[in-house]
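Residue numbers (our numbering), protein chains in the order written: chain W, 1 to 133; chain U, 1001 to 1133.
Notes follow the structure.
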Amino acid sequence: MKFFRFDRLAWIFMRVSGFLLIGLIFTHLIVNLMQDGGVKAIDFAFVAGKLANPFWQWFDVTLLWLALIHGSNGMRVVIDDYVYRTGVKRFLLVSLVISTTTLIVLGTLVIFTLDPCPVGSPADLLPSFCPAG
Amino acid sequence: MSIKTPSKPKTVFRGTLYRGHEGMWSWVLHRITGIAIYFFLLVHVLDTATVRLDPELYNAVMASYKTPIMGLGEAALVAAIVFHAFNGLRIILVDMTAWASRHHRTLFYGVLVLWAVVMIAFLPRHLMHVFGG
Ligand code: HEM
Chain W
1 MKFFRFDRLA
11 WIFMRVSGFL
21 LIGLIFTHLI
31 VNLMQDGGVK
41 AIDFAFVAGK
51 LANPFWQWFD
61 VTLLWLALIH
71 GSNGMRVVID
81 DYVYRTGVKR
91 FLLVSLVIST
101 TTLIVLGTLV
111 IFTLDPCPVG
121 SPADLLPSFC
131 PAG
Chain U
1001 MSIKTPSKPK
1011 TVFRGTLYRG
1021 HEGMWSWVLH
1031 RITGIAIYFF
1041 LLVHVLDTAT
1051 VRLDPELYNA
1061 VMASYKTPIM
1071 GLGEAALVAA
1081 IVFHAFNGLR
1091 IILVDMTAWA
1101 SRHHRTLFYG
1111 VLVLWAVVMI
1121 AFLPRHLMHV
1131 FGG
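Have a look at this one:
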């Protein structure tokens, strides 16, 4: 048995990332769904305020990458189990790789390029630390 | 990610340990909750990405998450996540230790109890956020 076979690495990754994701997602849900007004408190000011803090930036990219890779590797196994036709399987696996890569790039850009105080936006929609006017 | 034709299912029912018993139900539930959470995540990264475009657009998108029907959907999502998380821990333990694989059935009931405890703690607060004033 080769030590670095893809399936073996994937198996280890699912266990390590799954363990980490429990802490990341439970924290994510407590902060976004339980604290203060729960879902009702989520708006631009809330998210811009969070993402102005490097802690939440790195927290969110870690969550983004781990959740998407863990999830898409899970979907790869599901596709492997149920789809026998080579053409269909190839199509689904290629779609999976493309959509996962796109979302990882998109999400990472959102986290690191968000401007918390965009000019021209009504001040009451922005975080309180934005300069007035 | 090799593509073989036509491959046999990776997940094999192993006699008494699986079919029709706790082992099978935990496997079915793990797979269904995993797939559901994955599709939520695809949509979720896209809805979060609107925060980068325009504050008013993001607030409008988030408003659709604050309706009673979506509130129930969020409750179902959290139920799926909490089950997937605890059952995933059980899988890791059963793979790693002989003790856990001998007691996998007891551990599965442990997962259900922990799941119920977390949901009882979560639901009243979430439902108050969604339906309360
Ligand atoms: C109903 C439950 C959920 C709510 C209300 C919620 C809310 C939010 C909010 C407000 C953000 C913006 C950034 C931040 O606050 O950190 C966000 C981002 C994010 N959430 Fe959630 N979330 C939920 C469930 C989940 C779950 C279950 C996952 C993982 C499977 C997840 C993964 C992420 C990721 C990866 C980001 C960053 C997206 C990006 O990079 O653009 N969320 N979420």
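C-beta: ideal position from N, C-alpha, C; glycine also.
In this text the structure is predicted, and so the values were computed from the model without any measurement.
Hey, is residue i's beta-carbon within less than 8 Å of any beta-carbon in chain W?
i, result
"A1085 of chain U", "yes"
"P1124 of chain U", "no"
"H1129 of chain U", "yes"
"R1134 of chain U", "Coverage of chain U is limited to positions 1001 through 1133, which leaves residue 1134 of chain U absent and any answer about it impossible."
"P1068 of chain U", "no"
"A1116 of chain U", "no"
"L1042 of chain U", "yes"
"M1062 of chain U", "yes"
With a threshold of 8 Å between beta carbons, is residue i in contact with chain U?
i, result
"P127 of chain W", "no"
"F59 of chain W", "no"
"F4 of chain W", "no"
Measure the CB-CB distance between residue i and residue j and report whether it falls below 8 Å.
i, j, result
"G1110 of chain U", "G18 of chain W", "no"
"R76 of chain W", "L51 of chain W", "no"
"L114 of chain W", "L66 of chain W", "no"
"R1105 of chain U", "E1022 of chain U", "yes"
"V1094 of chain U", "L1107 of chain U", "yes"
"G1034 of chain U", "H1103 of chain U", "no"
"L21 of chain W", "H70 of chain W", "yes"
"I111 of chain W", "Q57 of chain W", "yes"
"F26 of chain W", "L125 of chain W", "no"
"H28 of chain W", "L63 of chain W", "yes"
"S99 of chain W", "L1042 of chain U", "yes"
"A1137 of chain U", "I1037 of chain U", "Nothing about residue 1137 of chain U can be read from this structure; chain U reaches only from 1001 to 1133."
Per DSSP, what kind of secondary structure is residue i in: helix, strand or coil?
i, result
"P116 of chain W", "coil"
"H1084 of chain U", "helix"
"P131 of chain W", "coil"
"I79 of chain W", "helix"
"D1047 of chain U", "helix"
"N1059 of chain U", "helix"
"H1103 of chain U", "coil"
"G1110 of chain U", "helix"
"G1015 of chain U", "At G1015 of chain U the pLDDT is 48, less than 50, meaning the model places this residue with poor confidence; the figure from the coordinates comes in the next sentence. Note: G1015 of chain U maps to helix in three-state DSSP."
"A1098 of chain U", "helix"
"N73 of chain W", "helix"
"F26 of chain W", "helix"
"F90 of chain W", "Inspection of the sequence shows that residue 90 of chain W is occupied by Arg rather than by Phe. Three-state DSSP puts R90 of chain W in a helix."
Q. Listed from N- to C-terminal order along the chain, which residues in the stretch 26-40 of chain W have their beta-carbon within a distance smaller than 7 Å of any beta-carbon of chain U?
A. L29, L33, M34, G37, G38, V39, K40
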